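A short write-up of the structure that comes next.
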């Protein structure tokens, strides 16, 4: 990091970093929700498959 950056430039870079982290966190939560929903759907079909095997 160059030493000649102004205080405003440093604050702007911190704000940009916080924005990136915020977007990343939101995307991560959305992805976790999608994975959980898929997992629930797969577990239902897996249970159905087990039921057919027991017949």
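Numbering (the UniProt record's numbering), first residue to last: 1 to 55. All residues carry an ideal CB built from backbone N, CA and C; glycine is no exception. Treat the numbers as computed from the prediction; the structure is a model and nothing was measured.
Could you tell me the alpha carbon to alpha carbon distance between residue i and residue j, rounded to whole angstroms?
i	j	result
residue 33	residue 39	10 angstroms
residue 51	residue 14	55 angstroms
residue 23	residue 54	47 angstroms
residue 41	residue 47	10 angstroms
residue 17	residue 49	47 angstroms
residue 35	residue 20	22 angstroms
residue 3	residue 45	59 angstroms
Give a yes or no on whether 8 angstroms exceeds the smallest Cβ distance from residue i to chain D.
i	result
residue 26	Absent from the structure is chain D; it holds one protein chain and no more.
Along the chain, which unbroken stretches of the alpha helix (DSSP H) at least 4 residues long are found entirely within the stretch 3–40? none
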